[in-house]
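A.B. asks: Residue numbers (the numbering used here): 182 to 488.
Here a beta-carbon is modelled for each residue, glycine too, at the ideal position from N, C-alpha and C.
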Amino acid sequence: MDKLYGTIFDVRRFATHDGDGIRTTVFFKGCPLECAWCHNPEGISTKRRPLYFPKKCIHCGSCVAESEFGGVTMDKERNVHLDITKPEDWDNIMEICPTGAIAWDSRKIEVNELLEEVRKDEPFFKYSGGVTISGGEPLLQPLFAAELLLLLQYYKIHTAIETALLVPNENVAAVLPYLDSIFADCKIFDEQEHIRATKVSNVRIKENIEFILTSEKRDKVIIRTPMIPEYTANDENVAAIAKFITNIYPEVHYEILNYNPLASAKYHLVGREYCFKENPKRFTKEQMKHFAEIAVSNGIKNINIDE
Ligand code: SF4
182 MDKLYGTIFD VRRFATHDGD GIRTTVFFKG CPLECAWCHN PEGISTKRRP
232 LYFPKKCIHC GSCVAESEFG GVTMDKERNV HLDITKPEDW DNIMEICPTG
282 AIAWDSRKIE VNELLEEVRK DEPFFKYSGG VTISGGEPLL QPLFAAELLL
332 LLQYYKIHTA IETALLVPNE NVAAVLPYLD SIFADCKIFD EQEHIRATKV
382 SNVRIKENIE FILTSEKRDK VIIRTPMIPE YTANDENVAA IAKFITNIYP
432 EVHYEILNYN PLASAKYHLV GREYCFKENP KRFTKEQMKH FAEIAVSNGI
482 KNINIDE
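#1: Report the rounded CA-to-CA distance for I274 versus V261, giving the unit in angstroms.
#2: Find out if the Cβ-Cβ distance for the pair V384, I393 is shorter than 7 Å.
#3: Three or more C-beta pairs closer than 8 Å, one from the segment 423-442 and one from the segment 236-253: is that the case here?
#4: My parser needs the alpha helix (DSSP H) runs of 4 or more residues fully inside the segment 269-331; what are they?
#5: So for S243, helix, strand or coil by DSSP?
#6: Given the structure, does A282 come close to the ligand SF4, in the sense that its CB is under 6 Å from one of the ligand's heavy atoms?
#7: Rank E372, L330, I376, K368 by C-alpha distance to the C-alpha of A354 and give the top, closest one.
#8: Could you check if H262 belongs to the surroundings of the ligand SF4, using beta carbon to heavy atom distance under 6 Å?
#9: Output the distance between the C-alpha atoms of L263 and K237, rounded to the nearest integer angstrom.
#10: How would you write the range of the alpha helix (DSSP H) that T266 sits in, first residue to last?
#11: Ends of the alpha helix (DSSP H) at N352?
#12: Residues in its own chain within less than 6 Å of A309 by CB, not counting five upstream and five downstream?
#13: Going by DSSP in three states, F425 sits in which element: helix, strand or coil?
#14: Can you name the start and end residues of the beta strand (DSSP E) that S362 belongs to?
#15: Would you report the Cα separation of L360 and G242, rounded to the nearest angstrom?
#16: Taking the alpha carbon of N483 as the reference point, which residue from K458, P235, H434, Q468 has its own alpha carbon closest?
#17: Mapping the DSSP letters down to three states, classify H339 as helix, strand or coil.
#18: CB-CB under 8 Å to G317, same chain, minus the five flanking residues each way: which ones, in chain order?
#19: Spatial neighbours of Y186 within its chain, please: CB distance less than 6 Å, with the 5 preceding and 5 following residues excluded, ordered by chain position.
#20: Consider the C-beta atom of P442 and the heavy atoms of the ligand HEM; say whether any pair is separated by less than 6 Å.
#21: Work out the CA separation of I342 and L450 for me, nearest whole Å.
#22: By DSSP's criteria, I369 is part of a beta bridge. Which residues make up the other side?
#23: Between the Cα of A473 and those of D400, D416, E388, spot the shortest distance and give me the residue it belongs to.
#24: Take the Cβ of Q322 as the centre, count every other Cβ of all protein chains shown within 10 Å, and call the residue buried at 16 or more, exposed below.
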């Protein structure tokens with residue numbers, strides 16, 4: 182059988198927010214949504230690109246000397262600037278950098294190699310925990326995701342996915358049998374508001390939510406809404422989502438996640454602009470409780486608040 186490769190941008194160990202117990206989370210590269218508040222903006226593009234990490238830089242200038250086409254320059258303060266449109270030999274430049282301050286944002290990896298990497302954490306999974314695939318959107322690479330999940334299940338490792346579900350239905354069907362937990366986002370109910378916030382329609386997302394909530398895995402599904410000021414965190418949106426998902430499956434599990442102001446920190450690395458000039462604060466316990474009450478009064482029986 183041909184080897185199966187996927188593109189990932191991170192493997193994070195000892196995560197505690199990506200499912201039950203201690204987890205190792207694999208971040209798949211590429212996402213069809215462009216949420217204005219995305220936590221992992223380096224994972225949006227499907228293309229590999231070089232990144233510059235200023236904190237690692239010792240300003241030695243080796244990268245500039247190696248640059249043939251002006252893709253790497255230095256300003257008066259000896260800060261490095263990358264122009265990734267220039268046809269540089271980026272591998273060469275990365276090799277010359279003594280501190281890893283210039284590095285690819287992602288890597289291509291063979292599925293068995295990735296399996297071995299995540300299995301190093303198997304001792305931590307014995308009592309609770311496992312592997313979560315996240316992104317980006319893991320279901321943009323359905324064959325790679327399905328094979329990884331199948332192998333993890335063979336080794337009796339608990340599997341979970343974090344997905345926004347904006348993929349063809351067959352991509353969802355391909356991984357469903359191999360999943361123990363499914364965290365699926367439903368960020369905004371109104372289609373026009375969804376387009377404003379994420380640049381894409383939510384019609385297919387709703388279809389796929391219906392698909393998983395009518396599947397035999399429906400009790401393993403947790404529908405999630407991140408509470409983003411000015412975008413998702415309002416009573417009308419929470420009420421509409423609650424009605425929509427309880428109409429499909431009254432026993433559905435629903436979770437609301439508090440806003441994470443730390444997301445803004447990565448934006449300068451990838452040349453994107455964060456949605457807030459003044460970063461809002463996280464919601465208070467009382468505010469989160471209020472959103473949960475809105476969900477419950479619109480039919481949700483099983484609610485979780487991630488504060
Ligand atoms: S080679 Fe690396 S450490 Fe040296 S200036 Fe370039 S980015 Fe900084």
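C.D. replies: So, from the listed chains and residues:
#1: The C-alpha of I274 lies about 12 Å from the C-alpha of V261.
#2: No. Outside cutoff.
#3: Contact between the segment 423-442 and the segment 236-253 is absent, because fewer than three Cβ pairs lie under 8 Å.
#4: Correct list: 271-277, 292-300, 303-306.
#5: S243: helix per DSSP, three-state reduction.
#6: Correct: A282 has its Cβ closer than 6 Å to the ligand SF4.
#7: When each option's Cα is compared against that of A354, the closest is L330.
#8: It does not: the Cβ of H262 is nowhere closer than 6 Å to a heavy atom of the ligand SF4.
#9: Those two C-alpha atoms are separated by around 15 Å.
#10: Premise fails: T266 is in no alpha helix (DSSP H) and is neither H nor E.
#11: Per DSSP, the continuous alpha helix (DSSP H) segment holding N352 begins and ends at 350-356.
#12: Note on residue identity: the sequence assigns Ser, not Ala, to residue 309. Around S309: D201, G202.
#13: Helix, per DSSP.
#14: Under the DSSP assignment, S362 falls in the beta strand (DSSP E) whose first and last residues are 362-366.
#15: For L360 and G242, the distance between alpha carbons rounds to 48 Å.
#16: Ranked by Cα distance from N483, the options K458, P235, H434, Q468 are led by H434.
#17: The answer is strand: DSSP assigns H339 an E or B state.
#18: Cβ within range, chain order: F190, F208, F209, K210, G211, C212, N221, G224, I225.
#19: Contacts found: K289, E291.
#20: Ligands displayed in this structure: the ligand SF4; the ligand HEM is not among them.
#21: In a straight line, the C-alpha of L450 is about 26 Å away from that of I342.
#22: Answer is none; I369 lacks a bridge partner.
#23: Out of D400, D416, E388, D416 has the C-alpha closest to the C-alpha of A473.
#24: Result: buried.
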